[in-house]
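Visitor: Shown below is the structure under consideration.
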Amino acid sequence: MQSNIEFTFDGQKMLALPGQSVGAALLAANQRTLRTTRFNENERGVFCGIGICFDCLVVINGVGNQRACLIEVTAGMNVQTQVGSHA
Amino acid sequence: MHNVVIVGAGPAGLSAALAAAAAGAPVLLLDSNQRLGGQYWRNSSEPIESQKDQHFDLDTGMLLMNAVKARKEISVWNGAQIWSASHKDGVNTLRVLHQGGEKIINTANLVLCTGAYDRTLPFPGWDIPGVMTPGGVQSLIKGHGVLAGNKVVVAGSGPFLLPVAAGIIKAGGQVVELLEANKSKRWLLSPLTLLENITKLKEAFYYIKTISQGKVRARFGVAVIAAHKGVDGKLESVDVATIKRNFKVKKTRNVKCDVAAIGWGFTADTSLAGALGCKLKVARDKGVVAEADSNQQSSIPGIFVAGELTGIGGAELSMAEGVIAGISAAKFVGCKVEISRAHKKRRAKKQRFADALIRSYPVKSGWLTWLKNETTVCRCEEVSVGNLKYAIEELGATDSRTAKLFTRCGMGLCQGRVCGRSVVDLVAAELNISPTDTDRISAVNRPIISPIPLGVLAAGE
Chain F
1 MQSNIEFTFD GQKMLALPGQ SVGAALLAAN QRTLRTTRFN ENERGVFCGI
51 GICFDCLVVI NGVGNQRACL IEVTAGMNVQ TQVGSHA
Chain H
1001 MHNVVIVGAG PAGLSAALAA AAAGAPVLLL DSNQRLGGQY WRNSSEPIES
1051 QKDQHFDLDT GMLLMNAVKA RKEISVWNGA QIWSASHKDG VNTLRVLHQG
1101 GEKIINTANL VLCTGAYDRT LPFPGWDIPG VMTPGGVQSL IKGHGVLAGN
1151 KVVVAGSGPF LLPVAAGIIK AGGQVVELLE ANKSKRWLLS PLTLLENITK
1201 LKEAFYYIKT ISQGKVRARF GVAVIAAHKG VDGKLESVDV ATIKRNFKVK
1251 KTRNVKCDVA AIGWGFTADT SLAGALGCKL KVARDKGVVA EADSNQQSSI
1301 PGIFVAGELT GIGGAELSMA EGVIAGISAA KFVGCKVEIS RAHKKRRAKK
1351 QRFADALIRS YPVKSGWLTW LKNETTVCRC EEVSVGNLKY AIEELGATDS
1401 RTAKLFTRCG MGLCQGRVCG RSVVDLVAAE LNISPTDTDR ISAVNRPIIS
1451 PIPLGVLAAG E
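Residue numbers (the working numbering), protein chains in the order written: chain F, 1 to 87; chain H, 1001 to 1461.
What follows is the structure, encoded as structure tokens:
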């Protein structure tokens, strides 16, 4: 068994396995909402899982519009729910 | 000798790389994933031998992946993202983000093996967190060892639902319903086609065995037509309908679940081929694919296309096409090599099976009756069915392209990858016309392959 990597989601401590995407690690922790939409403020999460749909957008280390399903968790990563377009 | 440049390291790309290298060509293989294998042989960072459970035939995949890694003539760029591509005077220019910077590749030859992604249909509630594509649920299991939920409804149409349901059960999840929208007798293919593709039959039985061990009974002529969220905003249940042959609803019941994996076959990823100017066409299933000649060459000399990009057909057809594309590209850069008749025979055999499958899993227009005015169609730009109807009825849009411009439908970050195909059908149905091939092909026009932060570009200059 590989050891866990620590990161935070909206300030909360989270764990991921090496190689896991941000989206996968958050789903494993039952965090399903990753962003709210610009106009209707609807909650969205991982949909296509392979980088096609851009629905799982999160803010990573201050940079918005990052696809949670594609980006691997690294130690100390600061992940936040994306509100709107994060402009 | 110039590199043979191959994009995509799934079944087609790996086969192309090995065929080109065997013919004596140096190869550069680009893939956006961190590991080889594509979607079909997607694997996690755990030792690969321990992942066979989640695959029907990972042995073949490991054979190809290990061979690619072992061959000195093949360089691999993993985690390489092509964001822009153009073709001018016989030269293809790819702008690639790799290892934190931008690299520019100029090459006269290219082998595109960009694969496919789940085809989805909009329905009320499909944007609630917990509604996912079957491919998404599977990629989480295969690539990350994560089950998206505990009680999963698997639905839609096509043979791919079987491995997804089987994978969930093997990973310890519960498949509460397995629903195929088409009727079971459509599964019967011509006996001859089945006999010559016996491995496909074995693969189906392999999944069915797991599914029956999980005490799941597949239902046919049944579809998920709506999803509902609970007070927490998360998926709580889906409406499951018995449907007619034309997909119109007969009767509905409600099923509790925390994940619904719903897909309707696949859509080829033509973004790169389209940006380079390769001729695209509408396939039998009305999806847009890249045109290929018998040597897997696209309409542009020197650009070869293989795998799902040329039509949805599965891993075995992709491998057969990949080998031919790899040989063709090697020949193009000057290698003395010929495509054998055996290669073409193998491809024809797999093609017959793929054609039979496509005929067995049609998506019928009755799905349009599941929609409500407030149903989201474009997830990115939050455009509803009502918005599209308004563009047609009040603003006078007479085709999907104009409706798109009025509403921004399909103009968000995914550039219509998710909704584009459905919008064409939806707008045509509203106008009471049939979509033309031009409508379908213009819906996949994407100037940017993948949006990237502007800062990355600034840093690269």
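By construction, the Cβ of each residue, glycine as well, lies at the ideal position given by its N, Cα and C atoms.
Note that this is a predicted model, so its numbers are computed, not measured.
Confirm, please, whether the CB-CB distance from A1261(H) to A1227(H) is below 8 angstroms.
Guide: Contact flag unset, no.
Visitor: Can the beta-carbon of G1473(H) be found less than 8 angstroms from the beta-carbon of C1335(H)?
Guide: Residue 1473(H) falls outside the range modelled here, since chain H spans only 1001 to 1461, and no answer is possible.
Visitor: If I measure Cβ to Cβ from N1078(H) and keep anything under 7 angstroms in the same chain, skipping five residues before and after, which residues do I get?
Guide: Hits under 7 angstroms: D1031, N1033, Q1034, R1035.
Visitor: Applying the 10 Å Cβ sphere with the 16-neighbour rule, what's the burial state of L1272(H)?
Guide: Counting Cβ neighbours within 10 Å, L1272(H) comes out buried, since at least 16 surround it.
Visitor: I want to see whether chain F comes within less than 8 angstroms of T1193(H), judged by CB atoms only; does it?
Guide: It does not: the Cβ of T1193(H) has no partner Cβ on chain F nearer than 8 angstroms.
Visitor: If you compare alpha carbons, which of I1358(H), A1329(H), R1352(H) is closest to L1192(H)?
Guide: Answer by Cα proximity: R1352(H).
Visitor: For a test of the three-state rule: what should DSSP assign to A1165(H), helix, strand or coil?
Guide: Helix.
Visitor: Can you give me the C-alpha to C-alpha distance between C1414(H) and F47(F), rounded to a whole angstrom?
Guide: If I take the Cα positions, the gap works out to 12 angstroms.
Visitor: Can you tell me which of A1009(H), S1139(H), V1111(H) puts its alpha carbon nearest to the alpha carbon of P1462(H)?
Guide: The structure shown has nothing for residue 1462(H), since chain H only spans 1001 to 1461.
Visitor: Counting only the same chain and skipping the five closest in sequence on each side, list residues whose C-beta sits under 7 angstroms from that of A1116(H).
Guide: Only F1266, T1267, A1268, D1269, E1308, I1312 meet the Cβ criterion.
Visitor: From V1462(H) to A1403(H), what does the alpha carbon distance come to, in whole angstroms?
Guide: Summary: the structure shown does not reach residue 1462(H), with chain H confined to residues 1001 through 1461, and so no result is reported for it.
Visitor: Check whether the Cβ of H1144(H) lies closer than 8 angstroms to any Cβ atom in chain F.
Guide: So yes, H1144(H) belongs to the interface.
Visitor: Would you mind telling me which residues of chain F sit closer than 9 angstroms to M1132(H), beta carbon to beta carbon, in chain order?
Guide: In chain order: G45, V46, F47, C48, G49.
Visitor: Check whether the Cβ atoms of V1423(H) and S1400(H) lie closer than 8 angstroms to each other.
Guide: Yes, the Cβ-Cβ distance between V1423(H) and S1400(H) is below 8 angstroms.
Visitor: With DSSP collapsed to three states, give me the class of E1461(H).
Guide: For E1461(H), the pLDDT reaches just 40, beneath the cut-off of 50, and the residue's location in the model is therefore unreliable, although a value from the coordinates is still provided. It is coil, neither helix nor strand.
Visitor: Beta-carbon separation of P1122(H) and T1375(H) under 8 angstroms?
Guide: Result yes, Cβ atoms of P1122(H) and T1375(H) sit closer than 8 angstroms.
Visitor: On the criterion of 16 or more Cβ atoms from any shown chain inside 10 Å, does R1421(H) qualify as buried, or is it exposed?
Guide: R1421(H) is buried by the Cβ-count criterion.
Visitor: How would you label V1153(H), buried or exposed, when you count the other beta carbons within 10 angstroms and need 16 or more for buried?
Guide: Looking at its Cβ environment, which holds 16 or more other Cβ atoms inside 10 Å, V1153(H) is buried.
Visitor: From the DSSP output, read off the bridge partner residues of R1219(H).
Guide: R1219(H) is bridged to L1179(H).
Visitor: Between L1357(H) and V1289(H), what straight-line distance do the alpha-carbon atoms span, to the nearest angstrom?
Guide: Their backbone Cα atoms lie some 17 angstroms apart in a straight line.
Visitor: Kindly list the residues whose CB is nearer than 7 angstroms to the CB of C53(F), restricted to its own chain and excluding five residues on each side of it in sequence; keep chain order.
Guide: Excluding positions up to five away in sequence, the list reads F47.
Visitor: Less than 8 angstroms between the C-beta atoms of G17(F) and E6(F), yes or no?
Guide: For the record, residue 17(F) in the displayed sequence is Leu; it is not Gly. In this structure, E6(F) does not lie closer than 8 angstroms to L17(F) by Cβ.
Visitor: Verify the CB distance criterion: does E6(F) have a CB-CB separation below 8 angstroms to chain H?
Guide: Not one chain H Cβ lies under 8 angstroms of E6(F).
Visitor: So which residues of chain F does S1044(H) contact, with C-beta pairs closer than 7 angstroms?
Guide: Result: G19.
Visitor: Going by DSSP in three states, H1098(H) sits in which element: helix, strand or coil?
Guide: The answer is strand: DSSP assigns H1098(H) an E or B state.
Visitor: Write down the C-beta distance between S1298(H) and K1344(H) rounded to the nearest angstrom, noting that I regard them as a contact closer than 8 angstroms.
Guide: Actually they are not in contact, since the Cβ atoms of S1298(H) and K1344(H) sit about 18 angstroms apart, beyond 8 angstroms.
Visitor: Based on the DSSP secondary-structure assignment, which residues constitute the bridge partners of R1408(H)?
Guide: Beta-bridge pairing links R1408(H) to no other residue.
Visitor: Just tell me which of G23(F), I71(F), T37(F) has its CA closest to the CA of C1378(H).
Guide: Out of G23(F), I71(F), T37(F), T37(F) has the C-alpha closest to the C-alpha of C1378(H).
Visitor: Can you check whether the CB of K1350(H) is closer than 8 angstroms to the CB of E1316(H)?
Guide: The answer is yes: Cβ separation under 8 angstroms.
Visitor: With a threshold of 8 angstroms between beta-carbons, can C1380(H) be considered close to chain F, or not?
Guide: Closer than 8 angstroms to some Cβ of chain F, the Cβ of C1380(H) qualifies, so yes.
Visitor: Who are the neighbours of G1136(H) on chain F, taking C-beta pairs under 8 angstroms?
Guide: Within chain F, the residues near G1136(H) are V46, F47, C48, G49, I50, C69.
Visitor: So, with DSSP's three-state summary, where would you put G1156(H)?
Guide: Residue state, collapsed to three classes: strand.
Visitor: Quick one: does D55(F) have its CB under 8 angstroms from some CB of chain H?
Guide: Interface residue, yes.
Visitor: Beta-carbon within less than 7 angstroms of E1203(H)'s beta-carbon, same chain only, minus the 5 sequence neighbours each way: which residues are those?
Guide: Within the same chain, E1203(H) has close Cβ partners F1056.
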